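Data first, discussion second: the structure below is written as structure tokens.
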Amino acid sequence: MPYNIAMVSDFFFPQPGGVESHIYQLSQKLIDRGHKVIIITHQYDGRTGIRYLTNGLKVYHVPFFVVYRETTFPTVFSFFPIFRNIVIREKIHIVHGHASLSSLCHEAILHARTMGLRT
Numbered sequence: 001m002p003y004n005i006a007m008v009s010d011f012f013f014p015q016p017g018g019v020e021s022h023i024y025q026l027s028q029k030l031i032d033r034g035h036k037v038i039i040i041t042h043q044y045d046g047r048t049g050i051r052y053l054t055n056g057l058k059v060y061h062v063p064f065f066v067v068y069r070e071t072t073f074p075t076v077f078s079f080f081p082i083f084r085n086i087v088i089r090e091k092i093h094i095v096h097g098h099a100s101l102s103s104l105c106h107e108a109i110l111h112a113r114t115m116g117l118r119t
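Anchor point for the sequence shown: position 70 equals 70 in UniProt numbering, and the numbering is continuous, going up by one each time.
What follows is the structure in structure tokens.
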């Protein structure tokens, strides 16, 4: 059964790095196996909204304040309406967070659990 999976992290392209590359490669392999994968990250240099990458990978750049080294300011409840809207629109089954220092990741997992989603 194919799943709809949301990968959430403060760290993603165009910022270079290991977490960014890992998320991209893992997403590509999951798509190759028939799953639908979206990325939820913060805005980068004015990139907001939705972008499409190769092989059908959809990236949501949410407009959040970045405080240090591409990490967003923890908001807890401000992220919920945006996250909920994306999860419902994309019919997400699984939310997967990346990077221990990503507040966006931790907030997404918290909200996913309150919505009864797998994490």
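Even for Gly, the Cβ is constructed at its ideal location relative to N, Cα and C. Note that the coordinates shown come from a computational prediction; the quantities given were computed from them, not determined experimentally.
Coarse secondary structure for residue i, derived from DSSP in three states
| i | result |
| --- | --- |
| Lys29 | helix |
| Val66 | strand |
| Val19 | helix |
Limits of the beta strand (DSSP E) - the one that residue i falls within
| i | result |
| --- | --- |
| Arg51 | Gly49 to Tyr52 |
| Ile5 | Asn4 to Val8 |
| Thr41 | Lys36 to His42 |
Whole-angstrom C-beta distance between residue j and residue i, which should lie under 8 Å
| i | j | result |
| --- | --- | --- |
| Leu104 | Ser9 | 7 Å |
| Leu57 | Ile92 | Actually they are not in contact, since the Cβ atoms of Leu57 and Ile92 sit about 15 Å apart, beyond 8 Å. |
| Pro14 | Tyr44 | 6 Å |
| Met115 | Arg84 | 7 Å |
| Val95 | Ile109 | 6 Å |
Beta-carbon proximity list for residue i, same chain, < 8 Å, skipping 5 on both sides
| i | result |
| --- | --- |
| His98 | Met7, Val8, Ser9, Phe11, Val19, His22, Ile23 and Cys105 |
| Gly17 | Phe11 |
| Thr41 | Val8, Ser9, Asp10, Phe11, Phe12, Val59, Tyr60, His61, Val62 and Leu104 |
Residues near residue i by beta carbon distance below 7 Å, same chain, minus five either side
| i | result |
| --- | --- |
| Tyr52 | Lys58 |
| Asn55 | Gln28 and Ile31 |
Close-in-space but distant-in-sequence residues of the same chain around residue i (CB under 6 Å, 5 per side omitted)
| i | result |
| --- | --- |
| Tyr3 | His35, His93 and Ile94 |
Just to confirm the assignment: which complete alpha helix (DSSP H) runs, minimum length 4, are found wholly within the stretch 77–117? 79–90 and 103–114
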